[in-house]
Amino acid sequence: MDNLLLILFLILSFSYCSGSSTSSLLHSQKLVISGEHEARLFSATPPQPPPITFFEVQRPIPLPKSRPCSTLVLQHDFAYTYGKPPVTSAYSPPSHCPLLRSSVPSTIVLEWSAACSGVQFDRIFGVWLAGVELLRGCTAEPIARGINWSVRKDVTRYASLFQSPSDVIIPISKSLPLNDGLWFQIHNSSDVQGKGVKIPRNVYRAVIEVYVSFHSDDEFWYTNPENNLTSVPGNGAFREVTVRLDDAVVGAIWPFTVIYTGGVNPLFWRPISAIGSFNLPTYDIEITPFLGKLLDGKKHFFGFGVTNSLNVWFIDANLHLWVDKNSYFTEGKLINHEAPVSPPSLVSQFKDLDGQFDTLASRKISSTGWVKSSYGKITTHFFQNFNFTNKMKFSGNGSIQEVNQSIDYNHGSYSKDPSSVLYYERVFQSFPLYLYIGAEDEVNDSIAFITNVTLGNNEKKISRGNFGPHSFSNLRNSQSGQGIMHVKENMITGGIASTQQVYKYEGTDGCYFRKVGSNNYTILHDESKDYCTKSSQIGS
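Numbered by mature numbering (1 follows the signal peptide of the UniProt record, and there is no 0), the letters in the sequence shown go through residues -19 to -1, 1 to 521 in order.
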């Protein structure tokens, strides 16, 4: 692998991002900030203040020291895009990057930049190359003076798309022409969407990477009460994305609770955006144990469903395949597969509109199978362990809602031949969430919302192999916000909010720390460092 850095620049299409209602307080309206409130906030600034830069706190992508080779993929001015086809642009390996045609770059970075002004709801966006999704995010909600923001994502895992293919990536998504994104739309709990896929017959490893986002009635699924509280269906607070191969559930996703830039209280996310909002997380599921079924030269159905879902979830996936260049055919067999269904338990106690729902859920999924290739007969085992708790409380005759939720996810895999373990990886993730929202009626048909939020995305990963060094990483990423907003006819007419975030990453590949806080568009403090200290417990 040559020490080549490729940077791709583009602006991409927007699609409608959520907005309807259920009985949750958060679903009662979709909010934007009024021009009058903005004018009061910036009354002391010059007549034409510069745009504000919004950002999501992420670790900067480690880059090689070589000079980057950059190319502009797309530049476009977007206006009304709802229900219209995506904007497309032809891509071919840039002629001024000759190494790209002959070797795989060590790093490929996709950089997406945008600017906008005026009053606008948040929008979901996606970037695809040859049907393969590379990036999904939510746009920042603009203001009259204008904003700008950018996203950088390491897309090195898609290297085969940017040059002559080596390994293969097969999109599991809709095909053009469309009047929307290439994602499948899941509208209810019985809806299963997907497509048939035929893979090459010399594959020795397979991983399905899933993109997930939730909108409209399920944008705040973790605040949804049970259906017996009001006449508006909520379907409860538990959601599970199932990934299916033919008739089998090969894996599940209990998604991180991404809050979009107009969510809970839009004043929180100016200029610090919510965790995962600009660059939504993806989820990998190892399906190598199932290659014995897939290597028959026939099409097999990959499908997606969402337990308890309301309208609407956007889901698609990329099937990453490793091909054996020394064999025309590989063979395999599924040894064991277990995916028992364990319905969530619910305990509720209510008097009129006040009370509490407690929802608990857990699940285990595992699979084992072998593949015989030019590398030998290798057995792969993959497992997922999930635990979910959601405690939802209503008080004040239904005017106050509190949600205290945790998702714990432990998953991993190992590969071995008859004599030794060749590779081992284990990942521990936790997604804590706390929400408080209280509504009080005011004069002139206004409502005051008192809002508090705390959310986190924590991950510890350990991996080792016979042919590479031991690696370790530990991420703790937490945010909190406190605020009040005054709302009239879906417009925020006044308010104040503050946001704090601490991001700490330690790993064998380096360290990064950032602590930042804001209040009403103003950064109060911002400190960061990208070096490891003696207190960093790498590998512990």
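Each residue gets a CB set at the ideal place from its N, CA and C atoms; glycine is no exception.
_Cβ-based burial, H301 [other Cβ within 10 Å; buried from 16]_ = The residue given as residue 301 occupies position 320 in the sequence shown. With a threshold of 16 other beta carbon atoms within 10 Å, H301 meets it and is buried.
*Three-state secondary structure (DSSP) at T269?*
To locate residue 269, count along the sequence shown from 1; it is residue 288. Judged by DSSP in its simplified three-state form, T269 adopts helix.
*Please classify E470: is it buried, with 16 or more other beta-carbons within 10 angstroms of its beta-carbon, or exposed?*
Here residue 470 is taken as the residue at index 489 of the sequence shown, counted from 1. Answer is exposed; the Cβ neighbour count stays below 16.
*Do the stretch 432 to 452 and the stretch 404 to 422 meet, that is, are 3 or more Cβ pairs less than 8 Å apart?*
Yes, since at least three Cβ pairs between the stretch 432 to 452 and the stretch 404 to 422 fall closer than 8 Å, the two stretches touch.
*Whose C-beta lies closer than 6 Å to the C-beta of D339 among residues of the same chain, with five residues either side of it excluded?*
As a working note, residue 339 is residue 358 in the sequence shown. Taking D339 as the centre and dropping the five residues before and after it, the same chain places the C-beta of V328, K372 closer than 6 Å to its C-beta, in chain order.
*Would you please verify whether the beta carbon of P252 is less than 9 Å from any beta carbon of chain B?*
This model lacks chain B altogether, as it is built from one protein chain only.
*Where D335 and S254 are concerned, what is the direct C-alpha to C-alpha distance, given to the nearest angstrom?*
Along the sequence shown, one-based indexing puts residue 335 at 354. Along the sequence shown, one-based indexing puts residue 254 at 273. About 32 Å.
*asked:* Among the candidates S479, P399, R495, Y390, whose CA atom is the shortest distance from the CA of E221?
replied: As a first step, residue 221 is located in the sequence shown; it is residue number 240 there, counting from the start. Of the candidates S479, P399, R495, Y390, the one whose C-alpha sits nearest the C-alpha of E221 is Y390.
*asked:* Pop quiz: I296 and I14 are said to be a contact at Cβ under 8 Å. What is the actual Cβ separation, rounded to whole angstroms?
replied: Here residue 296 corresponds to residue number 315 of the sequence shown, with the count starting at 1. Here residue 14 corresponds to residue number 33 of the sequence shown, with the count starting at 1. I14 and I296 do not touch by the CB rule: their CB atoms are close to 31 Å apart, not below 8 Å.
*Under three-state DSSP, which class holds F259?*
One-based indexing of the sequence shown puts residue 259 at position 278. When DSSP states are grouped into helix, strand and coil, F259 belongs to the coil group.
*Indicate whether N433 and Y415 have their beta-carbon atoms separated by less than 9 Å.*
Here residue 433 is taken as the residue at index 452 of the sequence shown, counted from 1. Here residue 415 is taken as the residue at index 434 of the sequence shown, counted from 1. Yes. Within cutoff.
*Tell me whether the beta-carbon of T52 lies closer than 9 Å to the beta-carbon of P66.*
As a working mapping, residue 52 is identified with position 71 in the sequence shown. As a working mapping, residue 66 is identified with position 85 in the sequence shown. Against a cut-off of 9 Å, the Cβ pair of P66 and T52 comes out as no contact.
*Could you tell me if residue 597 is buried or exposed, where buried requires 16 or more neighbouring beta carbons within 10 angstroms of its beta carbon?*
Here the chain has residues from -19 to 521 only, and residue 597 is not among them.
*To which residues of the same chain is K345 closer than 6 Å at the C-beta, ignoring the five residues directly before and after it?*
On the sequence shown, position 364 is the one that residue 345 refers to. Within the same chain, K345 has close Cβ partners N366.
_Secondary structure of A140, DSSP reduced to three states_ = Counting from one through the sequence shown, the residue named residue 140 turns up at place 159. If DSSP states are grouped into helix, strand and coil, A140 belongs with the helices.
*Using a threshold of 9 Å, state whether the C-beta atoms of T360 and D333 are closer than that.*
Taking the sequence shown and counting its residues from 1, one reaches residue 360 at position 379. Taking the sequence shown and counting its residues from 1, one reaches residue 333 at position 352. Contact: no.
*Using the C-alpha atoms, what's the distance from I431 back to M466?*
Translated into positions along the sequence shown, residue 466 becomes position 485. Translated into positions along the sequence shown, residue 431 becomes position 450. Each residue's alpha carbon lies about 7 Å from the other.
*Same chain, Cβ closer than 8 Å to S98, five either side skipped, listed in chain order*: If you number the sequence shown from 1, residue 98 lands on position 117. Beyond the five residues adjoining it in sequence on each side, S98 comes within less than 8 Å, by CB distance, of P32, P123, I124, A125, R126, G127, I128 in the same chain, given in chain order.
*Helix, strand or coil at W164 according to DSSP, with G and I counted as helix*: As a working mapping, residue 164 is identified with position 183 in the sequence shown. Looking at W164 - three-state DSSP - the assignment turns out to be coil, as it is neither helix nor strand.
*Return the chain-ordered ranges of every beta strand (DSSP E) run that is complete within the stretch 322 to 367 and spans a minimum of 3 residues.*
The beta strand (DSSP E) runs lying completely inside the stretch 322 to 367 and spanning 3 residues or more are 326 to 332, 335 to 354, given in chain order.
_Beta bridge counterpart(s) of A420 as assigned by DSSP_ = The sequence position of residue 420 within the sequence shown is 439, counting from 1. In DSSP, A420 forms a bridge with F430.
*asked:* For the pair the stretch 79 to 97 and the stretch 233 to 243, tell me if three or more CB-CB distances fall below 8 Å.
replied: Contact between the stretch 79 to 97 and the stretch 233 to 243 is absent, because fewer than three Cβ pairs lie under 8 Å.
_Less than 9 Å between the beta carbons of Y487 and R495, yes or no?_
Counting from one through the sequence shown, the residue named residue 487 turns up at place 506. Counting from one through the sequence shown, the residue named residue 495 turns up at place 514. Correcting the residue type first, residue 487 is Glu in the shown sequence and not Tyr. At least 9 Å separates the beta-carbon of E487 from that of R495.
*Burial state of R117, where buried means 16 or more other Cβ atoms lie within 10 Å*: Along the sequence shown, read from residue 1 onward, the residue named residue 117 stands at position 136. With 16 or more other Cβ atoms inside 10 Å of its own Cβ, R117 counts as buried.
_Beta-carbon within less than 7 Å of S4's beta-carbon, same chain only, minus the 5 sequence neighbours each way: which residues are those?_
Position 23 of the sequence shown, counted from the first residue, corresponds to residue 4. Because S4 sits at a pLDDT of 49, beneath the cut-off of 50, its placement in the model cannot be relied upon, and the following sentence gives the value as read from the coordinates. Setting aside the 5 residues that flank it on each side, S4 is surrounded in the same chain by P206, L210, T211, V213, G215, each with a C-beta closer than 7 Å to its C-beta; the list follows chain order.
*asked:* On the criterion of 16 or more Cβ atoms from any shown chain inside 10 Å, does D426 qualify as buried, or is it exposed?
replied: Here the question's residue 426 lines up with position 445 in the sequence shown. Counting the other Cβ atoms within 10 Å of the Cβ of D426 gives fewer than 16, which makes it exposed.
*Nearest-angstrom Cα separation, counted from Y203 out to S376*: The residue labelled residue 376 in the question sits at position 395 within the sequence shown. The residue labelled residue 203 in the question sits at position 222 within the sequence shown. Rounded to the nearest angstrom, the two C-alpha atoms are 17 Å apart.
*From Y356, V483, K314, pick the residue whose C-alpha is nearest to that of G350; which is it?*
To locate residue 350, count along the sequence shown from 1; it is residue 369. Closest option to G350, Cα to Cα, is K314.
_Taking the beta carbon of Y512 as the centre, do at least 16 other beta carbons fall within 10 Å, making it buried, or is it exposed?_
The residue labelled residue 512 in the question sits at position 531 within the sequence shown. Y512 comes out exposed.
*Flag this pair as yes or no: are the beta carbons of T269 and R182 separated by less than 9 Å?*
Translated into the one-based positions of the sequence shown, residue 269 becomes position 288. Translated into the one-based positions of the sequence shown, residue 182 becomes position 201. Contact flag unset, no.
*Which term fits T120, buried or exposed, when burial requires 16 or more other beta carbons within 10 angstroms of its beta carbon?*
Mapped onto the sequence shown, residue 120 falls at position 139. By the 10 Å Cβ count, T120 comes out buried.
*S83 lies in the alpha helix (DSSP H); which residues open and close that run?*
The sequence position of residue 83 within the sequence shown is 102, counting from 1. DSSP places S83 inside the alpha helix (DSSP H), whose first and last residues are 79 to 83.
*If you count every other CB in all the chains shown that lies within 10 Å of the CB of Y264, and 16 or more means buried, which is it?*
Here residue 264 is taken as the residue at index 283 of the sequence shown, counted from 1. Buried.
_Mapping the DSSP letters down to three states, classify N299 as helix, strand or coil._
As a working mapping, residue 299 is identified with position 318 in the sequence shown. It is a strand residue.
*For F310, does the three-state DSSP call read helix, strand or coil?*
Taking the sequence shown and counting its residues from 1, one reaches residue 310 at position 329. DSSP, reduced to helix, strand and coil, places F310 outside both helices and strands of the structure shown, so it counts as coil.
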